[in-house]
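Colleague:
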Amino acid sequence: MITSKTQKIGILGWPLGHSLSPIMHNAAFKSLHLDYVYIPLPVHPENLAQAVAGLKAMEFTGVNVTIPHKVEIMSYLDEIDFSAQLVGAVNTVVIKDGKSIGYNTDAQGFVQSILSNGIKITEQTAVILGAGGAARAVACGLFQHGIKKIIIGARNLEKAQQFVKLFSTNVDIQAYDWEDFGFQNLLQECDILINSTPIGMPVHDTEVLPIPWEILNPEAAVCDLIYNPSKTQLLLSAKKHGHIAINGLGMLIEQGALAFELWTGEQGPRQIMSNALTEYL
């Protein structure tokens with residue numbers, strides 16, 4: 002039962018029909034008998050500042066942050082933890098003593114999810130599609146675990162070039178328009194291909210990622226950060242062409258467990274979270 006003492010957690014994004022975070026976290030709260038509730042909070046980008054102020058006014062304990070707010074929300078928070086400073090994006094907010102503090106659990110969540118699938122990171126070449134907040138987290142996690150080279154392919158070359166400036170002193174990183182022939186040729190040296198864009202979600206079902214499968218390294222692992230649907234067109238195509246195909250469910254669980262710990266002080270029950278998502282899907 003939800004009462005006036007129940008701790009409120011939510012997720013900010015636009016749209017939010019795809020999010021499975023409420024299912025995962027509410028199952029976790031229930032399993033540990035914690036008086037918390039997790040609710041979806043769809044917020045249009047124009048209303049983000051008011052939403053953050055409202056969370057503090059209504060004494061929320063915290064929120065997750067998803068597309069398209071991960072970078073923009075940083076302007077409206079009181080403090081930014083080092084994890085989020087490093088990535089340049091926030092996916093978790095803790096509200097304590099009237100202050101909103103931004104964290105990033107995506108970077109570590111992504112790394113743990115692909116390592117658990119037997120994918121090697123050290124001294125490899127990764128291609129990331131997209132240059133938003135999720136891509137920043139992926140790049141940061143890969144850099145921290147010894148990636149040799151990162152190639153960014155995006156629809157907006159200027160945005161991709163700005164992205165590169167954030168990491169260029171730490172790792173060999175290059176930016177391209179993903180329709181550019183030079184970018185597509187580089188897929189020959191790709192060891193890990195990651196889609197960090199929303200292309201593959203139902204609301205983007207008319208869009209297609211520009212992957213020439215005949216060029217892509219046949220040994221490359223293909224990862225999609227999307228978890229709903231669990232089999233995107235990218236992953237179906239990857240399977241068809243003989244690639245290891247990994248969706249975003251593992252990353253969702255790992256980053257969620259880390260956020261859970263920030264809010265509650267308790268270790269996130271990963272198996273409970275996984276079971277809840279598997280049952281739902």
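FYI, the numbering for the sequence shown is 2 to 282, going by our numbering.
Virtual Cβ for every residue (Gly too), placed ideally from N, Cα, C.
#1: Between Asp-36, Gln-175, Leu-42 and Asn-105, which has its C-alpha nearest Ile-12's C-alpha?
#2: Looking at the ligand HEM, does it come within less than 8 Å of Leu-194, judged from the CB to the closest heavy atom?
#3: Who are the near neighbours of Ser-114 in its chain, counting only those whose CB is closer than 6 Å to its CB and skipping five residues on each side?
#4: What does the alpha-carbon distance come out to for the pair His-244 and Glu-159?
#5: For the candidate residues Ser-84, Val-165 and Gln-145, whose alpha-carbon lies nearest to that of Asn-157?
#6: DSSP on Asp-178, reduced to helix/strand/coil?
#7: Along the alpha helix (DSSP H) that carries Ile-273, what are the first and last residues, could you check?
#8: If we ignore side chains and look at the alpha-carbon of each, how far apart do Gly-110 and Leu-188 end up?
#9: Would you decide whether Ile-174 is buried or exposed? Buried here means 16 or more other CB atoms lie within 10 Å of its CB.
#10: Compare the C-alpha of Ile-193 against each of Asn-229, Ala-140 and Pro-230 and name the closest.
#11: When you compare only the Cα positions, how much space is there between Val-91 and Lys-71?
#12: Would you check if the distance between the CB atom of Leu-143 and the CB atom of Gly-89 is smaller than 9 Å?
#13: Answer with buried or exposed for Leu-237, where buried requires no fewer than 16 other C-beta atoms within 10 angstroms of its C-beta.
#14: Nearest-angstrom Cα distance between Asn-65 and His-45?
#15: Can you name, in chain order, every residue of its own chain whose Cβ lies under 7 Å from the Cβ of Gln-8, other than the five neighbours on each side?
#16: Suppose only complete runs of 3+ residues qualify. What are the beta strand (DSSP E) ranges in the region 59-84, listed by chain order?
#17: Residues in its own chain within less than 6 Å of Ser-32 by CB, not counting five upstream and five downstream?
#18: Which stretch, first to last residue, makes up the alpha helix (DSSP H) that contains Leu-112?
#19: Three-state secondary structure (DSSP) at Met-202?
#20: Quick one: is Asp-225 buried, meaning 16 or more other Cβ sit within 10 Å of its Cβ, or exposed?
#21: According to DSSP, Val-223 sits in a beta bridge with which residue or residues?
#22: Determine the direct distance from the alpha carbon of Ile-68 to that of Ile-96, and round the result to whole angstroms.
Modeller: Taking the definition as stated:
#1: Mapped onto the sequence shown, residue 12 falls at position 11. Of the candidates Asp-36, Gln-175, Leu-42 and Asn-105, the one whose C-alpha sits nearest the C-alpha of Ile-12 is Leu-42.
#2: This structure lacks the ligand HEM; in fact it carries no ligand of any kind.
#3: On the sequence shown, residue 114 is found 113 positions in, with the first residue counted as 1. Excluding positions up to five away in sequence, the list reads Gly-251, Met-252 and Glu-255.
#4: As a working mapping, residue 244 is identified with position 243 in the sequence shown. As a working mapping, residue 159 is identified with position 158 in the sequence shown. His-244 and Glu-159: Cα-Cα distance of roughly 31 Å.
#5: Locating residue 157 in the sequence shown gives position 156, counting from the first residue. For the residues Ser-84, Val-165 and Gln-145, the minimum Cα distance to Asn-157 belongs to Val-165.
#6: Sequence index remark: in the sequence shown, residue 178 carries index 177 (1-based). Strand, per DSSP.
#7: Start at 1 with the first residue of the sequence shown, and residue 273 comes out as number 272. In the DSSP assignment, Ile-273 falls within the alpha helix (DSSP H) that extends over 271-281.
#8: Within the sequence shown, the letter at position 109 stands for residue 110. Within the sequence shown, the letter at position 187 stands for residue 188. Straight across, the Cα-Cα distance linking Gly-110 with Leu-188 is about 25 Å.
#9: Here residue 174 refers to the residue found at position 173 of the sequence shown. With a threshold of 16 other beta carbon atoms within 10 Å, Ile-174 meets it and is buried.
#10: Taking the first residue of the sequence shown as 1, we reach residue 193 at position 192. The candidate whose alpha carbon is nearest that of Ile-193 is Ala-140.
#11: In the sequence shown, residue 91 corresponds to position 90, counting from 1. In the sequence shown, residue 71 corresponds to position 70, counting from 1. Straight-line Cα distance between these residues: approximately 5 Å.
#12: As a working note, residue 143 is residue 142 in the sequence shown. As a working note, residue 89 is residue 88 in the sequence shown. With respect to Gly-89, Leu-143 sits apart: the two C-beta atoms are not nearer than 9 Å.
#13: Stepping through the sequence shown from its first residue, residue 237 is reached at position 236. Classification of Leu-237: exposed, given that the 10 Å Cβ count is below 16.
#14: Residue 65 sits at position 64 when you count from the first residue of the sequence shown. Residue 45 sits at position 44 when you count from the first residue of the sequence shown. Spanning the alpha carbons of Asn-65 and His-45 requires a straight line of approximately 15 Å.
#15: Working through the sequence shown from its first residue, we reach residue 8 at position 7. Around Gln-8, the same chain offers Asp-36, Tyr-37 and Thr-62 as residues with beta carbons nearer than 7 Å, after the five sequence neighbours per side are excluded.
#16: Taken in chain order, the complete beta strand (DSSP E) segments of 3 or more residues contained in the region 59-84 are 63-66.
#17: On the sequence shown, position 31 is the one that residue 32 refers to. Once the five neighbours on either side are set aside, the close Cβ partners of Ser-32 are Pro-270 and Ile-273.
#18: The residue given as residue 112 occupies position 111 in the sequence shown. Inspection of the sequence shows that residue 112 is occupied by Val rather than by Leu. That run of the alpha helix (DSSP H) goes 107-116.
#19: In the sequence shown, residue 202 corresponds to position 201, counting from 1. In the structure shown, Met-202 sits in a strand (DSSP, three-state: E or B).
#20: Start at 1 with the first residue of the sequence shown, and residue 225 comes out as number 224. Flag for Asp-225 reads buried.
#21: The residue you call residue 223 lines up with position 222 of the sequence shown. Answer by DSSP bridge pairing, in chain order: Leu-194 and Ala-246.
#22: For the purposes of this step, residue 96 is taken as residue 95 along the sequence shown, with counting starting at 1. For the purposes of this step, residue 68 is taken as residue 67 along the sequence shown, with counting starting at 1. The alpha-carbon atoms of Ile-96 and Ile-68 are separated by roughly 20 Å.
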